[in-house]
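Under my numbering, the sequence shown has 18 at position 3, and the numbering climbs by one with no breaks. Backbone N, C-alpha and C fix where the C-beta goes; we use that ideal spot for every residue, glycine too. The next block holds one structure in the form of structure tokens; read it before the comments.
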Amino acid sequence: MSSLIIKWEKIVRGSSPVINGLLLAIGVAVIARLLHSLIPGPVNKAVSDIVIAVLLGLFIRNVVGVSGTCESGIKFALTHVLRLGIILLGLRLSLQDIADTGGAAMLLVFTCIAIALATAYVVGRLFRIPPRLATLIGVGTAICGNTAIIATAPVIGAKEEEVSFAVAVITLFGLIAVIFYPIIGQYLGLSNTAFGLWAGTAVNDTSQVVAVGAAHSPIALSVATVVKLMRNTIMAPLIILVGLLLRHQVPSDDSPQSVIPSGGILIPWFVVGFLMMSLIRTTGISAGVLPRNVAVPGALQTAASVLNTFDAIAKFAILTALAGVGLGTRLQIVLSIGMKPFTLGLCVSAVLSLASLGLIMLFRMG
């Protein structure tokens, strides 16, 4: 396997850096899908090609090694390719579907965010973890993973090492979620909707949410994506609020210049793209051009075929992006976070996961 990857890197060497890493991620995705097709029976359902892609990427990065010429392409895969996949997922759902899912999940999302942030504050105080580091781990777990950490850091005047520790914590527990959430979901017999709600509210980063949802079922992936995008859209106002609340805890010499996140964009562009694809789906259904369900007879077969094509592209884009997640993760850095940040991340992740799952089961959501 390692010799195959080395040969692949030699083939793409000499082309642009983005192409190198992107082709490597695509190669890992293809191999993961092939390996998954060779797994027999029940194990095939329990272990998804997404999990295989992440683990294979981790193996290549940390055992075989990845050429420096591939770095920018790997980053491209786990950002832009992932967002392309998410945008195309919008064609699966009409705006009515999103409204139905989002309406049921809104209170759950806000409750889980509040629980996670409160847990980070209490446990951080208990273990005497610097407030800025505890805040970064809290917002990373509660809101939007590494994106929330990077956006919050300048607002609260966080130091570079605090950002690195927080990113490592979020990455570690996100990887754990990718591997174990699908197994737990099957063991508990969660429905597709219930599992999607759980993944969308309790898993950290967008890429990890997509991986967990896809590992369970297409319906779970759609629900998890909608719920996670809800968390993404409320990231900016929550970060501003966190910055205002934390101001009195930040030493004056490190105080932030502004409580407005850099970049000035309140809603990520791929969320807008997702909604635009859903709008196309909605107007197509209204006009009788697009089917509500993919498997349809007669005149709608062409439209169904188009939807199938875009759905296949979305699935492979997501698989490639998750291969990029594995290829971009250095376990040595992740495992060097120290006991206090690790304990805080464990507590916040565990409380958020249990609270989300408990609320979903208590109120029979999905």
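- Residue range 32-53 is occupied by the alpha helix (DSSP H) that includes Val-45.
- Put simply, the stretch 290-300 does not touch the stretch 173-185. Fewer than three CB pairs are less than 8 Å apart.
- Assigned with DSSP and collapsed to three states, Arg-345 falls in coil, not helix or strand.
- Measuring C-alpha to C-alpha distances from Leu-104 to each of Pro-32, Ala-365, Leu-132, Thr-240 identifies Thr-240 as the nearest.
- Taking the C-beta atoms as reference points, Ala-120 is found no nearer than 9 Å to Gly-228.
- Straight through space, the alpha carbons of Ile-41 and Ala-332 are spaced by roughly 9 Å.
- CA-CA distance, Glu-175 to Ala-168, rounds to 9 Å.
- Taking every protein chain shown into account, the CB of Trp-213 has 16 or more other CB atoms within 10 angstroms, so this residue is buried.
- In the three-state reduction of the DSSP assignment, Asn-219 falls in the coil class.
- Closest in C-alpha terms to Ala-157, from the list Gly-189, Gly-172, Ile-144, comes Gly-189.
- Here the alpha carbon of Tyr-136 sits roughly 10 Å from the alpha carbon of Leu-359.
- Rounded to the nearest angstrom, the Cβ distance from Cys-362 to Thr-134 is 6 Å, consistent with a contact under 8 Å.
- Secondary structure of Lys-60 (DSSP, three-state): helix.
- Straight-line measurement puts the Cα of Leu-350 at about 27 Å from the Cα of Val-170.
- Within the stretch 147-208, no beta strand (DSSP E) run of at least 3 residues lies entirely inside it.
- Thr-344 is classed as buried because its beta carbon has at least 16 other beta carbons within 10 Å across all chains shown.
- For Val-241, the three-state secondary structure derived from DSSP is helix.
- The residue from Arg-98, Ser-52, Asn-247 with its alpha-carbon nearest to that of Ala-166 is Asn-247.
- Asn-207 sits buried, since 16 or more C-beta atoms from the chains shown fall within 10 Å of its C-beta.
- One alpha carbon belongs to Leu-261, the other to Leu-38, and they sit about 43 Å apart.
- In the three-state reduction of the DSSP assignment, Pro-145 falls in the coil class, being assigned neither a helical nor a strand state.
- Excluding residues up to 5 positions away in sequence, Val-238, Val-241 lie with their Cβ nearer than 6 Å to the Cβ of Thr-116 in the same chain.
- Rounded to the nearest whole angstrom, the C-alpha separation of Cys-127 and Val-154 is 12 Å.
- For Ser-368, the enclosing alpha helix (DSSP H) begins and ends at 354-377.
- Counting the other Cβ atoms within 10 Å of the Cβ of Ala-327 gives fewer than 16, which makes it exposed.
- In the three-state DSSP reduction, Gly-228 falls in the helix class (H, G or I).
- Taking every protein chain shown into account, the CB of Thr-324 has fewer than 16 other CB atoms within 10 angstroms, so this residue is exposed.
- Residue state for Gly-80 is assigned as coil, using DSSP reduced to three classes.
- Counting only the Cα atoms, Gly-373 lies some 20 Å from Ile-191.
- Under a 10 Å Cβ-count criterion, Ser-52 is classified as exposed, with fewer than 16 other Cβ atoms of the shown protein chains found around its own Cβ.
- In this structure, DSSP gives Gly-381 a state outside helix and strand, which the three-state scheme calls coil.
- Assigned with DSSP and collapsed to three states, Ile-75 falls in helix.
- A direct Cα-Cα distance of roughly 8 Å separates Ile-46 from Ala-68.
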